[in-house]
Amino acid sequence: RKWGFTIYRIAYGPGSDQHWQTVLDKIHTQISEDTVGCHPADAAAQQVLELFHLDARSDPALDGLDQSQLRQLYKDAVGGQPMGADDPIRRVFLLVDDEVMESVSRKDFFIKCVEVDYDPAKYKPHPR
Numbered sequence: 004r005k006w007g008f009t010i011y012r013i014a015y016g017p018g019s020d021q022h023w024q025t026v027l028d029k030i031h032t033q034i035s036e037d038t039v040g041c042h043p044a045d046a047a048a049q050q051v052l053e054l055f056h057l058d059a060r061s062d063p064a065l066d067g068l069d070q071s072q073l074r075q076l077y078k079d080a081v082g083g084q085p086m087g088a089d090d091p092i093r094r095v096f097l098l099v100d101d102e103v104m105e106s107v108s109r110k111d112f113f114i115k116c117v118e119v120d121y122d123p124a125k126y127k128p129h130p131r
């Protein structure tokens, strides 16, 4: 069974196509290093890597959508059934917005992960 993430791109501008491809490449590289790593002959690790899939959703119509709007797109399966939609414990997607795009250009890469079923009314901030 395939595993992975749906990833939404909501930032479009000069250089963003190249940054988007860099994000996808970096995720694939990191997954490869983390699953196979020092054990390239490990058949189980190779199988896990082969089953990994990034469901990349890049459409200028997504430009500037907020997390609530993206959650609804995910729930409504706009663009097809997203990865993990049938797993109530792991319903998350990855998000590439302007901040993430800027991190790629600075070589200080990070990615955002959004919980699909997040309910702000149930959120309790962690005391600092």
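In this text, residue positions in the sequence shown follow the numbering used here: the first is 4, and each later residue adds one.
Virtual Cβ for every residue (Gly too), placed ideally from N, Cα, C.
Predicted model, so just to flag it, every value in this text is computed and none were measured.
For residue i, three-class secondary structure by DSSP
i: residue 107; result: helix
i: residue 58; result: strand
i: residue 27; result: helix
Residue nearest to residue i in terms of C-alpha spacing, selected from the options
i: residue 83; options: 71, 91, 58 and 70; result: 58
i: residue 97; options: 32, 119 and 110; result: 119
i: residue 60; options: 26, 127 and 128; result: 26
i: residue 56; options: 107, 32 and 71; result: 32
i: residue 70; options: 125, 22 and 115; result: 115
Sequence-distant residues of the same chain with beta carbon closer than 7 Å to residue i, five excluded per side
i: residue 63; result: 15
i: residue 93; result: 87
i: residue 65; result: 11, 12 and 13
i: residue 67; result: 13
C-alpha distance - residue i paired with residue j, whole-angstrom precision
i: residue 19; j: residue 104; result: 7 Å
i: residue 39; j: residue 100; result: 29 Å
i: residue 42; j: residue 8; result: 24 Å
i: residue 109; j: residue 5; result: 32 Å
* Run through the stretch 38–105 for me and flag every whole beta strand (DSSP E) of 3 or more residues, listed as ranges in chain order. => Counting whole runs of 3 or more residues, the stretch 38–105 contains the beta strand (DSSP E) stretches 55–61 and 95–99.
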